[in-house]
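Counting in the UniProt record's numbering, the sequence shown runs from 1 upward without gaps. We treat Cβ as the ideally placed atom computed from N, Cα and C, and that holds for glycine.
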Amino acid sequence: MANHNAPVKGHERIETSNFLMIVLVTLVLSVGGLLEIVPLFFQKSTTQPVEGLKPYTALQLAGRDVYLREGCYNCHSQMIRPFQAETLRYGPYSRAGESVYDHPFQWGSKRTGPDLARVGGRYSDEWHRIHLINPRDVVPESIMPAYPWLEKDLVKAEGLPPRMKAMQKLGVPYSDEEIAKSAEEVKGKTELDAMVAYLQVLGTAIK
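Next up, the structure:
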């Protein structure tokens, strides 16, 4: 006869304890995740910039800040996956080395609008200007909101030097001279100018 009063041991103890099961599952998943992720920090293909990649200019960096402020990442990704359907539409698939100067990266997870990883050079500056001010003027079926204020608002030049210094500390190779000249470089430029400059550089490191 089975002794129901016998102490629970071994595997049976794990199966009968919700707390112990949760702790062990969490531990296994954590260790497994670390084994998958940590090696990526030491692979050159994921930590070294691709050939031809340059840090954003002051104007492009200001445009990137506008991109973030306006929430463009909510509808646009910047990550072309290695699938034929994507490479035929958007161009060569994205490489990790293209994003090493992006803090944070803008890969995104949703595409209400098209991917922008290779949008640089695909349209003219004037097209982008019209599209940002009123998207329906160039894409009648577009559901993208208009951003007419970008044409009127000037770039806040005083915020760029500390912004670039922070990026420098994160490993972006800005020189002290570039940082010192950044405010002057964007003087008199509108946020629309900055946004267009940012969009036009996306994906241009890989031909």
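- Closest by C-alpha distance to G91, out of L170, P114, N74, is P114.
- When secondary structure is reduced to three states using DSSP, L116 falls in the coil class, being assigned neither helix nor strand.
- In this model, K187 and V38 are separated by some 42 angstroms (Cα to Cα).
- L154 has T190 as its beta-bridge partners, per DSSP.
- Separation of V155 and V100 (C-alpha to C-alpha, rounded to the nearest whole angstrom) is 25 angstroms.
- Put simply, of R95, A205, A96, L132 the residue whose alpha carbon is nearest the alpha carbon of L192 is L132.
- DSSP places R95 outside both helix and strand once states are collapsed to three, so it counts as coil.
- For A146, there is no enclosing alpha helix (DSSP H), as DSSP marks it with neither H nor E.
- Counting along the chain, F19 sits inside the alpha helix (DSSP H) bounded by residues 18 to 37.
- Taking P161 as the centre and dropping the five residues before and after it, the same chain places the C-beta of I179, A180, S182, A183 closer than 8 angstroms to its C-beta, in chain order.
- Each residue's CA atom was taken as its position, placing Y198 and G33 some 34 angstroms apart.
- In this structure, L202 and R118 form a Cβ contact; the two beta carbons are roughly 7 angstroms apart against a cut-off of 8 angstroms.
- A Cβ-Cβ separation of about 4 angstroms places A62 in contact with A194 under the 8 angstroms criterion.
- L20 and L29 have their C-alpha atoms some 14 angstroms from each other.
- Straight-line measurement puts the Cα of H128 at about 26 angstroms from the Cα of G97.
- Here R64 is buried, its C-beta having at least 16 other C-beta atoms within 10 Å.
- S175 sits in coil when the DSSP states are folded into three classes, being neither helix nor strand.
- In the structure shown, W127 falls within a helical segment according to DSSP collapsed to helix, strand and coil.
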